[in-house]
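Asker:
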Amino acid sequence: MKSLKRLLDEKGHGVFSVAPEDTVFQALNLMARHDIGALLVQEGGRPVGVFSERDYARKVALHGKASRDTPIREVMSDKVIYVTLAQSVEDCMAVMTNRRIRHLPVLGEGGEVAGFLSIGDLVKETISEQQFIIEQLEHYITH
Ligand SMILES: NC(=O)c1ccc[n+]([C@@H]2O[C@H](COP(=O)([O-])OP(=O)(O)OC[C@H]3O[C@@H](n4cnc5c(N)ncnc54)[C@H](O)[C@@H]3O)[C@@H](O)[C@H]2O)c1
1 MKSLKRLLDE
11 KGHGVFSVAP
21 EDTVFQALNL
31 MARHDIGALL
41 VQEGGRPVGV
51 FSERDYARKV
61 ALHGKASRDT
71 PIREVMSDKV
81 IYVTLAQSVE
91 DCMAVMTNRR
101 IRHLPVLGEG
111 GEVAGFLSIG
121 DLVKETISEQ
131 QFIIEQLEHY
141 ITH
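Using our numbering, you'd call the opening residue of the sequence shown number 1 and step up by one each time.
1) With respect to 8 Å, is the separation between the Cβ of residue 121 and the closest non-hydrogen atom of ligand 1 below this value?
2) On the criterion of 16 or more Cβ atoms from any shown chain inside 10 Å, does residue 104 qualify as buried, or is it exposed?
3) Excluding sequence positions up to five away, which residues of its chain have a Cβ less than 7 Å from the Cβ of residue 2?
4) Quick one: grab the DSSP three-state call for residue 62.
5) I need the straight-line Cα distance from residue 57 to residue 139, nearest angstrom please.
6) Indicate, with yes or no, if ligand 1 has a heavy atom lying under 8 Å from the CB of residue 102.
7) Under the three-state reduction of DSSP, which class applies to residue 51: helix, strand or coil?
8) Thinking C-alpha only, which one of 114, 130, 134 is nearest residue 10?
9) Could you check if residue 72 belongs to the surroundings of ligand 1, using beta carbon to heavy atom distance under 8 Å?
10) Under three-state DSSP, which class holds residue 88?
11) Any contact between the segment 117-131 and the segment 83-97? By contact I mean 3 or more CB pairs, one from each, below 8 Å.
12) With a 10 Å radius around its C-beta and 16 neighbouring C-beta atoms as the bar for buried, classify residue 7 as buried or exposed.
13) Under 8 Å: does the beta carbon of residue 132 sit that close to some heavy atom of ligand 1?
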């Protein structure tokens, strides 16, 4: 299966992020503008959290907090679960399943942020890999 580096080369290495002091309202705006469901929270170039639609639903909306007055720091998931470029698509799927998360920052060898993957990216890659295998087998059977 494709390496995470190749997957990110195709998808793009850009990562949408906010700072811990930004407000939830700013984060929601950024997510809506780019049609995405999660943001990396970075401080001094270092990943310090992830803020997702689920964090919003459970830690902001459910508690009646005002998104314009709530800093991301208060509601982000602050244990950053990540993968590295050396890991595989299968590793990412396993981490997402076991940790019940849908987004994963990808870090490079030096700990720098190298990309951001969602469950949809992995499903898409898995389907296209399986499609490739099916086509190979069909070719083998009919030739
Ligand atoms: N066909 C495709 O290429 C493809 C790929 C991924 C998701 N999707 C679809 O999009 C919908 C939602 O996808 P999802 O639940 O996987 O999550 P999502 O909406 O958060 O992610 C959508 C895309 O945006 C990217 N993305 C999200 N947050 C990002 C960030 N902070 N920085 C950089 N990139 C970021 C993801 O990697 C993914 O490619 C689903 O319907 C899914 O099927 C389609």
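Positions of the beta carbon are idealized from the N, C-alpha and C atoms, including for glycine.
Answerer: Reading it off the structure:
1) Residue 121 Cβ: within cutoff of ligand 1.
2) Taking a 10 Å sphere around the C-beta of residue 104, we find 16 or more other C-beta atoms and assign the residue as buried.
3) Cβ within range, chain order: 89, 125.
4) Coil, per DSSP.
5) Here the alpha carbon of residue 57 sits roughly 48 Å from the alpha carbon of residue 139.
6) Shortest gap from the CB of residue 102 to any heavy atom of ligand 1: under 8 Å.
7) Looking at residue 51 - three-state DSSP - the assignment turns out to be strand.
8) Ranking the options by Cα distance to residue 10, first place goes to 114.
9) Answer for residue 72: no, Cβ out of range of ligand 1.
10) Correct three-state label for residue 88: strand.
11) Contact between the segment 117-131 and the segment 83-97 is present, because at least three Cβ pairs lie under 8 Å.
12) By the neighbour-count rule (16 or more Cβ atoms within 10 Å), residue 7 is buried.
13) No; taking the cut-off as 8 Å, the Cβ of residue 132 has no heavy atom of ligand 1 nearer than that.
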